[in-house]
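Novice: In our numbering, the protein residues as written are 2 to 124.
Have a look at this one before I ask anything.
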Amino acid sequence: MSAAQRTSSHTSFAAIAKEAGVSRSWLYTQQDLVTAIRQLQNRQPSSQRAGSQPASIAFIQRRLEIALARIKQLRAENSELTPTARDGIRRDPQAAQRTAVVLIGRSALQARAVTSACADVVS
């Protein structure tokens, strides 16, 4: 921190943690250091504290459009797969249970609970 004070370098928590060779999470646990860093940051002109620039509205809107399109795609895939899954559970509940064990990596007891929940959905 003293180096940051002397050089007027960027005093983000990440930069100070990197310079000190500690993790940011540890740095945040040291209340006296957090206070000192915040005081140092407040003394710097805002242009030095800027860091990354905020995203533009157009960029955020585009990301939202992409996310909404992906959600729509996944919902369509899900609606196509749901009847197939129901049919599979009806035909062979034990196979569905074994698949649940593999997929969720849980015990057979938990898989039975998943299978029961699936059976409730099917009924």
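Virtual Cβ for every residue (Gly too), placed ideally from N, Cα, C.
1) Might you give, ordered along the chain, the residues of its own chain that have their beta carbon closer than 7 Å to the beta carbon of A18, omitting 5 neighbours on each side?
2) By how many angstroms is the C-alpha of S13 removed from the C-alpha of R50?
3) Let me confirm a value: A101 is counted as buried when at least 16 other C-beta atoms fall within 10 Å, else exposed. Which label applies?
4) Please tell me whether A77 and R64 are closer than 9 Å, where the distance is taken between their beta carbons.
5) Taking the beta carbon of A59 as the centre, do at least 16 other beta carbons fall within 10 Å, making it buried, or is it exposed?
Specialist: This is what the structure gives:
1) S24, R25, L28
2) Because R50 carries a pLDDT of 46, less than 50, the predicted location of this residue cannot be relied on, and the following value inherits that uncertainty. C-alpha separation (whole angstroms): 8 Å.
3) buried
4) no
5) exposed
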